[in-house]
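Residue numbers (full-length UniProt numbering), protein chains in the order written: chain R, 1 to 215; chain F, 1 to 215; chain Z, 1 to 215; chain H, 1 to 215. By construction, the Cβ of each residue, glycine as well, lies at the ideal position given by its N, Cα and C atoms. To start, the structure under review is shown below, and the notes come after it.
There are 4 protein chains.
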Amino acid sequence: MHNARVLPHYLVSRYNGWRATTFAENRAWYSRLADEGQRPRAMVISCCDSRVHVTSIFGADTGEFFIHRNIANLVPPYTPDGNQHGTSATVEYAVLALKVAHLIVMGHTKCGGVAGCHAMCSGKAPDLEEDSSFIGRWMDILRPGYERISDLPEPDQVPALEREAVMISLENLMTFPFVREAVETGHLTLHGLIHDIGDGTLLQFDGPAGRFVPV
Amino acid sequence: MHNARVLPHYLVSRYNGWRATTFAENRAWYSRLADEGQRPRAMVISCCDSRVHVTSIFGADTGEFFIHRNIANLVPPYTPDGNQHGTSATVEYAVLALKVAHLIVMGHTKCGGVAGCHAMCSGKAPDLEEDSSFIGRWMDILRPGYERISDLPEPDQVPALEREAVMISLENLMTFPFVREAVETGHLTLHGLIHDIGDGTLLQFDGPAGRFVPV
Amino acid sequence: MHNARVLPHYLVSRYNGWRATTFAENRAWYSRLADEGQRPRAMVISCCDSRVHVTSIFGADTGEFFIHRNIANLVPPYTPDGNQHGTSATVEYAVLALKVAHLIVMGHTKCGGVAGCHAMCSGKAPDLEEDSSFIGRWMDILRPGYERISDLPEPDQVPALEREAVMISLENLMTFPFVREAVETGHLTLHGLIHDIGDGTLLQFDGPAGRFVPV
Amino acid sequence: MHNARVLPHYLVSRYNGWRATTFAENRAWYSRLADEGQRPRAMVISCCDSRVHVTSIFGADTGEFFIHRNIANLVPPYTPDGNQHGTSATVEYAVLALKVAHLIVMGHTKCGGVAGCHAMCSGKAPDLEEDSSFIGRWMDILRPGYERISDLPEPDQVPALEREAVMISLENLMTFPFVREAVETGHLTLHGLIHDIGDGTLLQFDGPAGRFVPV
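In structure tokens form, the structure reads like this:
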């Protein structure tokens, strides 16, 4: 904490520019958002990856999306054991406190976390199997997905695992009683997406058909 | 999973607009980022709150920031116990795999998570004390901060606790051996910010002085 | 060489200040840039003029822009004759070695080089026609632009020639086989700008429309 | 030219921020600079490298430095043959038209151009020997420097060649009659610097001593 340092100057400069333009132009709305609280229509769970900014892709307004970003956009199964579950806390807050109408899980291509999971599950990254590997233990959430794709030809496995990361998260979301109830009573809809960061395409999961299709 | 639904039309519409404009204008760069991988200069840990989008405030280019967003921008202490620690995984990935040069914790005013923590710690929200409350258990990370601010006059407590959320996260970051080492060898600098969502101001934590000052 | 002198004290003083502040705040990033090499997103070709600093206008981070500055931001046509072509070397390095995604030619108002070219082409500066005039021979690159603007009313000619300096450079860039290929395969986009140094405005060249428009 | 595209949005955003802050705060000075012309004290010749921005290192004000940036901060010998010599044109303009009082050649460590020259001269990059290589022909300016450092131990050669790039440019500057005259009559002083981009140090060439020393 005593090590905390001042911001690099170029960020201060840009912040000052933002304040003089974007902020100034939206002052009334920001002020209302501060006074009345947020009321986002949707929650988005996406990856920390610097190449995937959902606010850009969906032209999001301030106040529109409640956004959780973690490694590989994963949601663990419902486990109310009194331990810290940061992702589960975000889902609980979005569904019970904010009552969002949509919950969107957005995966992406070239995901480093998914590639790491594939390496771990196929025996090529023993260090990720250690208890001390936070990345490895986190990617355990995706391990059941590896079982489902390990018979595919090698070059298809990682892309298929990226899709599993979305499908497993959707499955796990339904293990949360409050998510299931909101979905079943029609208060919440779930959505699964895959964004290709190179060619910009977007696929969505078609639940009844059980596969991804272009939006 | 079978419940996954197609995207609302307004989002498809905006996505198509993004693809015809922003994507088209940046195609070459996105393609390079996909082929060569990301190389972000900084990791930002901020809140899921829909009113706080760090990419806007700092005019970020795609590829510049690796962003983790959770409830109240918290980092738990280092606990390599083999359990799932999603936030710790993001820090591990940013520092060890991406070797980011800056780690910025950005808190904000009017934080619902912090307000919940204050209610819980002051005995006004017994439900958050339940084992089954993911939010409560997550906000336990901030409990030591409550001890430090509970003697303040009532109206000052929540704003002070918002600052504690940043300071405790900075402290906890230093309990990760790989963070400490990167800081001590000069490969990483830590930064703590508080963004006021209503009036747009930005404070930064001045480590040696032990307090927040305007940028 | 034996005439080289120590730096004026005011520059040493400012350098020391930079080292104690900007450098210290960015040490980790500078160290990474030194170890891993640069990976700029864009090349900018602008004028040497002391009134035009592109890093300021665009809030550039260190490592973001590869910048060539010459008189009047000119690019000569592709001429692989074994002679020294400093500007062509910078374009070759940016496109083939660094694989930048954007190439921005930024002209500006009140350009001394363009004014000199106008004087030369309109017969008012015979000394610039001499073989020994490096400026005159360099400004020959812009001579075809003079042909296109010499019928305009006198006061419009120099501003029009400043725009020609950008347009001709864009045309000449497309005569480089490696630039053309990168553009045609979507790996590179070209941009033409005019910055008004007095009133701060910025125009961009709209290729399909064939004219400059405000950004 | 017809391929020219609009600027990426993040740059437009940052430009708008610059206009609302830096420009607005300096409007009077920018307006005077536009009306009265530039009057820079010094010319700086530095590299295009995105990691070396002399305006940052020396806290330059708008209007202070006339800056030429090329590959490896090289100046060719005086060759008034009627061909295009972009760098010589910048020197002519700075010394004869602007009458700058200082001419600073600033080299830097980890220079890609110098490394390429070393590879070429030591026989490891035959493609750079081709007539069609603009980079190779440009780096020929530094070839005499290779002769002077080729007996050094291998690891010392590239750093020594980076210094030669500065020394040879200073030598070549003195072959320009108008530079020599300005130096000899005391109207101009020459300076040679090496900036270490990783550790931020700055060395200057001590002419009488014939070596680089810390500033």
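Comparing alpha carbon positions, the residue from F:L203, F:A209, F:D199, F:F212 closest to T22 (chain R) is F:D199. The beta carbon of N3 (chain H) sits closer than 6 angstroms to no other beta carbon from its chain once the five residues preceding and following it are set aside. Neighbours of E184 (chain Z) in chain R, taken as residues at a C-beta separation under 9 angstroms, are lacking, since the least C-beta distance is about 17 angstroms. Selection R:F58, R:S31, R:D49 evaluated against R41 (chain R) yields R:F58 as nearest (Cα-Cα). For N73 (chain Z), none of the residues of chain H pass the 7 angstroms Cβ criterion, the least Cβ distance being about 11 angstroms. Apart from the 5 residues on each side of it in sequence, A119 (chain F) sits with its Cβ closer than 8 angstroms to the Cβ of A125, L128 in its chain, given in chain order. Under the three-state reduction of DSSP, D206 (chain H) is assigned to strand. By the neighbour-count definition (other C-beta atoms within 10 Å, threshold 16), S122 (chain F) is an exposed residue. With contacts defined by Cβ atoms closer than 8 angstroms, V114 (chain Z) and V158 (chain Z) form a contacting pair.
Residues of the same chain with a CB within less than 6 angstroms of the CB of I45 (chain R), apart from the 5 flanking positions on each side, are H68, N73, V105 in chain order. Using a 10 angstroms sphere on the CB of T185 (chain R), the tally of other CB atoms stays under 16, which defines it as exposed. If you draw a straight line from the Cα of L170 (chain F) to the Cα of N70 (chain H), it comes to about 43 angstroms. Counting only Cβ-Cβ distances below 9 angstroms, N16 (chain R) has contacts in chain H at G17, A20, T21, T22, in chain order. Under the DSSP assignment, P155 (chain H) falls outside any beta strand (DSSP E), being part of the alpha helix (DSSP H) whose first and last residues are 154-173. For P177 (chain F), the enclosing alpha helix (DSSP H) begins and ends at 177-184.
By DSSP's assignment, L193 (chain Z) forms a beta bridge with Z:M106, Z:Q204.
Look at A101 (chain F): its C-beta is under 8 angstroms from a C-beta on chain Z.
Along the stretch 186-204 of chain F, there is no position whose C-beta sits under 8 angstroms from a C-beta of chain H. Within the stretch 133-156 of chain F, the residues whose Cβ lies closer than 9 angstroms to any Cβ of chain R are, in chain order, S133, F134, I135, G136, R137, W138, M139, D140, I141. 8 angstroms or more divides the Cβ of F66 (chain H) from the Cβ of A34 (chain H). Residue R:G112 holds the alpha-carbon nearest to the alpha-carbon of R51 (chain R) among R:G112, R:R19, R:M139, R:W29.
Between the stretch 75-94 of chain F and the stretch 127-144 of chain R there are three or more C-beta pairs closer than 8 angstroms, enough to call the two in contact. Looking at the backbone, the Cα of D61 (chain Z) and that of Y10 (chain R) are separated by about 6 angstroms. Boundaries around V44 (chain F) are those of the beta strand (DSSP E), 42-47, since no alpha helix (DSSP H) includes it. Excluding the 5 residues flanking it on each side, C48 (chain Z) has same chain C-beta neighbours closer than 8 angstroms at R69, N70, I71, in chain order. Contact annotation: F205 (chain F) and V166 (chain F) have beta-carbon atoms nearer than 8 angstroms.
For H9 (chain H), the enclosing alpha helix (DSSP H) has its first and last residue at 9-18. Between H108 (chain R) and I197 (chain R) a beta carbon distance of about 6 angstroms is seen, short of the 8 angstroms cut, so the two are scored as contacting. Not a single C-beta of chain R is nearer than 8 angstroms to the C-beta of G82 (chain Z).
Within chain R, the residues R5, V6, L7, P8, H9 have their CB atoms less than 9 angstroms from the CB of E25 (chain Z), given in chain order. Here DSSP, grouped into helix, strand and coil, assigns H187 (chain Z) to coil.
Listed along chain H, no residue sits closer than 9 angstroms to G63 (chain F) by beta-carbon distance, the nearest being about 10 angstroms off.
Interface annotation, G59 (chain F): in contact with chain Z, CB-CB separation under 8 angstroms. Interface flag for G207 (chain R) against chain F is set, since a Cβ pair is found closer than 8 angstroms. Counted as a single uninterrupted DSSP element, the alpha helix (DSSP H) harbouring P144 (chain R) occupies residues 143-149.
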